[in-house]
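All residue numbers in the sequence shown are consecutive under this note's numbering, ending with 485.
Every residue gets a Cβ at the ideal spot worked out from N, C-alpha and C, and that includes glycine.
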Amino acid sequence: MKKGGVPAGEQGRDKMKKILVLMELNAAQRKKLEAAGAGAELSFSRPDRVSEEEIQAANVIIGLPRAEMIKASENLELLQLESAGTDAYIVPGMLNEKTILTNATGAYSQAVAEHAFALTLMLQKKLHLYRDEQRAAHWRDRGMVSSLRGSVVAVVGLGDIGSYYARLVKNMGAYVIGVKRRPSACPEYVDELMLTEQLDAVLPRADVIMSVLPNTAATRYIYTVGSFRLMKDSAIFINCGRGNAVSASTLYEVLSQGLIAAAGIDVSETEPLPEDSPLWGLENLVITPHVSGSHHLPETVDRIVDICAGNLCSFLRGEKLINLVDFSTGYRK
Numbered sequence: 153m154k155k156g157g158v159p160a161g162e163q164g165r166d167k168m169k170k171i172l173v174l175m176e177l178n179a180a181q182r183k184k185l186e187a188a189g190a191g192a193e194l195s196f197s198r199p200d201r202v203s204e205e206e207i208q209a210a211n212v213i214i215g216l217p218r219a220e221m222i223k224a225s226e227n228l229e230l231l232q233l234e235s236a237g238t239d240a241y242i243v244p245g246m247l248n249e250k251t252i253l254t255n256a257t258g259a260y261s262q263a264v265a266e267h268a269f270a271l272t273l274m275l276q277k278k279l280h281l282y283r284d285e286q287r288a289a290h291w292r293d294r295g296m297v298s299s300l301r302g303s304v305v306a307v308v309g310l311g312d313i314g315s316y317y318a319r320l321v322k323n324m325g326a327y328v329i330g331v332k333r334r335p336s337a338c339p340e341y342v343d344e345l346m347l348t349e350q351l352d353a354v355l356p357r358a359d360v361i362m363s364v365l366p367n368t369a370a371t372r373y374i375y376t377v378g379s380f381r382l383m384k385d386s387a388i389f390i391n392c393g394r395g396n397a398v399s400a401s402t403l404y405e406v407l408s409q410g411l412i413a414a415a416g417i418d419v420s421e422t423e424p425l426p427e428d429s430p431l432w433g434l435e436n437l438v439i440t441p442h443v444s445g446s447h448h449l450p451e452t453v454d455r456i457v458d459i460c461a462g463n464l465c466s467f468l469r470g471e472k473l474i475n476l477v478d479f480s481t482g483y484r485k
């Protein structure tokens, strides 16, 4: 088997496959995976409890095993992640060349997009400042606010999450500019479609910049001080992609100097954000601890299980899988 291939199932067809599930599931979700894996040997554990021997013996792993326990396992034919990110597993030599890697892209779009949308409205309406006033027992008017209606919103990274967010702001009356790596037809919820190399031309036009970029060589530290200088001083920056799209020092500089109005981040360059980071003290910054893509929204886990069950069933039947990972980018092909 080659990476990204479709399992033919010719070798070891008569041998019962060992499926190891490393997710906390409710009864209905477990039942769905059991049905998808009918005819195989299923076992359930957790990443913090499973042994290296169990990892090495598995033909299929569903979940997020500790990468160092895989050690290019000869038995592992399919690793189905419960995350969209794959950073730990695409390191050269981590997976055997025959191992197929699939992720859970699409499962997190609602949760992350709604979180980014909430941050956007919070900053536009200065709710973060009013929360500060409440804690200080101050009845104080913080002045003018802005609205999504009539605003220009740049969605940088127009995948599943970015598209969901674009629909939300479009429905609120925003003019949406989508920014993506590759050219394509412009979807109905986007007013203009631009390429990543045109980002500098987009930034001066945007009232809100929502970044949901993956972690690639091309996107690391893509937002420089120069990038923020291109933005309006009234602009709002949201980052729910990867923290290394902008350095902590850059973010502190632009926010403390008022180069933009405010920012909301669910990710940071270093996670957890160090307690002594000056970012904590910025009045015009809202920080959440990388929770938008967690399992706090019940629908997220249901979607993950649907993806995993579908791929497990397809794998055992020798059929085509979805969400095959491109090892050069770490994201879905």
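When C-beta atoms of the region 392 to 404 are compared with those of the region 364 to 377, three or more pairs fall below 8 Å, so the two segments count as touching.
For Glu344, no alpha helix (DSSP H) run applies; the uninterrupted beta strand (DSSP E) run containing it begins and ends at Glu344 to Leu347, by DSSP. Beta-carbon to beta-carbon, Val328 and Val342 are separated by about 5 Å, close enough to satisfy the 8 Å threshold. Residue range Val212 to Gly215 is occupied by the beta strand (DSSP E) that includes Gly215. Between the alpha carbons of Glu220 and Met246 lies a gap of roughly 8 Å.
The alpha carbon of Asp293 has as its nearest neighbour, out of Val304, Ala306 and Lys277, the alpha carbon of Lys277.
The residue from Met274, Asn436 and Leu174 with its alpha-carbon nearest to that of Asp385 is Asn436. In the DSSP assignment, Tyr327 is bridged to Val304. Residue environment: Asn211 is assigned as buried (16 or more neighbouring CB atoms within 10 Å of its CB, all protein chains considered). Boundaries of the beta strand (DSSP E) around Ile417: Ala414 to Ile417. Val360 sits away from Gly393, with the two beta carbons spaced by 9 Å or more.
Note on Met296: under 16 other CB atoms within 10 angstroms of its CB, so exposed under the neighbour-count rule. With at least 16 other beta carbons inside 10 angstroms of its own, Gly482 counts as buried. Secondary structure within the region 390 to 436: the alpha helix (DSSP H) runs of 4 or more consecutive residues, fully enclosed, are 400 to 408 (chain order). A contact between stretches requires three or more CB pairs, one per stretch, nearer than 8 Å, and the region 278 to 288 fails this requirement with the region 250 to 257. The beta carbon of Tyr260 sits closer than 7 Å to the beta carbons of Ala236, Ile313, Gly445 and Thr452 from its chain, once the five residues preceding and following it are set aside; these are given in chain order. For Met383, there is no enclosing beta strand (DSSP E), as DSSP marks it with neither H nor E. Taken through DSSP and simplified to helix, strand or coil, Arg484 comes out as strand.
At a Cβ-Cβ threshold of 9 Å, Asn463 and Gln262 do not count as neighbours. Around Phe467, the same chain offers Pro159, Val212, Leu230 and Leu473 as residues with beta carbons nearer than 7 Å, after the five sequence neighbours per side are excluded. Residue environment for Val443: exposed (fewer than 16 other C-beta atoms within 10 angstroms of its C-beta).
In the three-state reduction of the DSSP assignment, Glu193 falls in the strand class. A check of alpha carbon separations from Leu172 across Glu193, Lys184 and Gln181 identifies Glu193 as the nearest. Put simply, of Ser298, Ser336 and Leu345 the residue whose alpha carbon is nearest the alpha carbon of Gly325 is Ser298. When only Cα atoms are considered, Arg287 and Leu271 end up about 20 Å apart. Secondary structure of Ile207 (DSSP, three-state): helix.
Ile242 is the residue among Glu427, Gly215, Thr238 and Ile242 whose C-alpha sits nearest the C-alpha of Ala224. For the pair Leu476 and Pro430, the Cα-to-Cα distance works out to about 40 Å. Closest option to Met274, judged by alpha-carbon separation, among Thr440, Ile459 and Trp432: Thr440. Pairing Arg357 with Pro366, the inter-Cα distance amounts to about 23 Å. Taken through DSSP and simplified to helix, strand or coil, Lys278 comes out as coil. Between Pro335 and Leu347, the C-beta spacing is below 9 Å.
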